[in-house]
Amino acid sequence: MKLVIKGLLAFTFAIVVACGFQTLPAHAQIPCQVTSTNSCTIHLTNSRSQVMRITPGLELLLVFTNNDFSKPTDITVGVGGVPQDTRNLQPNQSVWKSYPFQKYNGFTLRANSPIGTPNATVVATQAESQADS
């Protein structure tokens with residue numbers, strides 16, 4: 345009988361551990377940290393804002409890609425909850441832009457599509473200096 349009880353306790357403990365340490369939902373995950381040696385990729389597949397952390401004082405380079413082949417997508421970059429820039433992407437279009445967010449340590453990304461849900465990707469990286477021309 346003790347063996348059965350010990351087995352049930354071990355089984356219950358295994359279930360608690362398996363259920364208690366699952367991946368956090370998207371809105372609760374720790375944002376990606378962008379540095380000069382670590383780029384981040386964010387997939388925007390809904391209209392919720394996604395947060396990225398950056399190193400203040402470094403130039404930020406963002407590459408925006410609309411993964412949808414049939415509808416346009418708008419991607420808005422915001423700082424401190426305030427929209428700063430919107431990129432209007434045609435179907436299957438990719439563009440890049442440099443941002444001098446010198447005094448901020450984070451920014452938000454949000455995608456919107458006039459038809460259905462957006463399907464976009466943003467890749468972010470930072471640089472310590474500009475290459476000579």
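For the sequence shown, counting from 1, position 68 maps to 412 in our numbering; every step adds exactly one.
The beta-carbon is built from N, C-alpha and C at its ideal position, and this holds for glycine as well.
Exercise. For H371, does the three-state DSSP call read helix, strand or coil?
Worked result: Low confidence applies here, because H371 scores a pLDDT of 48, under 50, leaving its location unreliable; read the following figure in that light. DSSP places H371 in helix when its eight states are reduced to three.
Exercise. Sorted by chain position, which residues of the same chain lie with C-beta nearer than 6 Å to Q434's C-beta, five sequence neighbours on each side aside?
Worked result: P416
Problem set entry | Cut-off 6 Å between Cβ atoms - residues of its own chain near D418, not counting five sequence neighbours on either side | T430, N432 and N456
Exercise. To the nearest whole angstrom, what separates the beta carbons of V466 and W440, a pair I think is in contact under 8 Å?
Worked result: No, V466 and W440 are not in contact; Cβ-Cβ is about 10 Å, not under 8 Å.
For this session: Go ahead and label Q377 buried or exposed: buried means 16 or more other beta carbons lie within 10 angstroms of its beta carbon, across all protein chains shown.
Result: exposed
Exercise. What distance in whole Å lies between the Cβ atoms of G425 and F451, which are believed to be in contact at a cut-off of 8 Å?
Worked result: No, F451 and G425 are not in contact; Cβ-Cβ is about 10 Å, not under 8 Å.
Exercise. According to DSSP, what are the bridge partners of T452?
Worked result: V395 and G422
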